[in-house]
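In terms of the numbering used here, the sequence shown opens at residue 39 and continues consecutively.
The next block holds one structure in the form of structure tokens; read it before the comments.
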Amino acid sequence: MDRTDRASRLIAAPPTTVYDALLDRESLETWLPPDGMRGRVEWWDPRPGGGFRMVLTYLDPTDSPGKTSDATDVVDVGFAELVPPERVVQRAVFEADDPSFAGTMTMTWHLAAAGDGTEVTVTATDVPPGIDRTDHETGIASSLANLASYLEGTD
């Protein structure tokens, strides 16, 4: 698994504000689920070596069967590195019976000041082969759009 997927977006908020939204449970539940999903954090430990478990539920699973069940993706995420306000490195493992979703995917959220805002780049490495590249990059972009909307107070 040497595949890398990525997406980026300029967000009209300073890096500290963006970083805080990456490490706030309620914020994460609001903006992280991509379009067509909702999320619930089951446990939360925002420190290096800690992490969280998120249950993502498809609002309409007809064309997007989940990895864990027909309607859900369950993912355990560990915080591998926290460098305020520059970087959050997560290790994500999906709960799935299908071996094409097995393995640990690393998600690196890089924050760089850009004028009055922050350029947020998400790089996913070791992406399991069962995750479609186009769907994954679209999902990351959707989460970034949700984050921008959340922090900029727009819809």
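Yeah, the Cβ is synthetic: ideal placement off N, Cα and C, and Gly gets one too.
Opening and closing residue of the alpha helix (DSSP H) in which residue i lies
{"i": "Arg63", "result": "Arg63 to Trp69"}
Sub-8 Å separation of residue i and residue j beta-carbons
{"i": "Asp114", "j": "Thr144", "result": "no"}
{"i": "Asp43", "j": "His174", "result": "yes"}
{"i": "Leu100", "j": "Tyr188", "result": "Note on identity: in this sequence residue 100 is Thr, with Leu being the wrong assignment. No. Outside cutoff."}
{"i": "Phe117", "j": "Gly87", "result": "yes"}
{"i": "Leu185", "j": "Ala45", "result": "no"}
{"i": "Arg47", "j": "Ala183", "result": "yes"}
Reduced DSSP category for residue i - H, G, I as helix; E, B as strand; rest coil
{"i": "Gly74", "result": "coil"}
{"i": "Leu97", "result": "coil"}
{"i": "Gly177", "result": "helix"}
{"i": "Arg171", "result": "helix"}
{"i": "Ser46", "result": "strand"}
{"i": "Ala51", "result": "coil"}
{"i": "Asp58", "result": "helix"}
{"i": "Ala109", "result": "coil"}
Endpoints, the beta strand (DSSP E) within which residue i is located
{"i": "Thr159", "result": "Gly155 to Thr163"}
{"i": "Ala140", "result": "No beta strand (DSSP E) holds Ala140; DSSP gives it neither H nor E."}
{"i": "Ala130", "result": "Arg125 to Glu133"}
Environment of residue i [buried if 16+ CB atoms lie within 10 Å]
{"i": "Pro167", "result": "exposed"}
{"i": "Asp111", "result": "buried"}
{"i": "Pro72", "result": "buried"}
{"i": "Ala152", "result": "exposed"}
{"i": "Gly104", "result": "buried"}
{"i": "Gly89", "result": "buried"}
Residue i Cβ short of 7 Å to the ligand NAP heavy atom set
{"i": "Asp154", "result": "Ligands displayed in this structure: none; no statement on the ligand NAP is therefore possible."}
**Prompt:** Between the stretch 154-173 and the stretch 45-55, do at least 3 Cβ pairs fall closer than 8 Å?
**Reply:** Yes, they touch.
**Request:** Give a yes or no on contact between the stretch 94-110 and the stretch 123-131, applying the rule of three or more CB pairs nearer than 8 Å.
**Result:** Pairwise C-beta distances place the stretch 94-110 out of contact with the stretch 123-131, as fewer than three of them are shorter than 8 Å.
**Request:** Evaluate the contact criterion for the stretch 178-190 versus the stretch 77-94: three or more CB pairs, one atom per stretch, below 8 Å.
**Result:** No, the stretch 178-190 does not touch the stretch 77-94.
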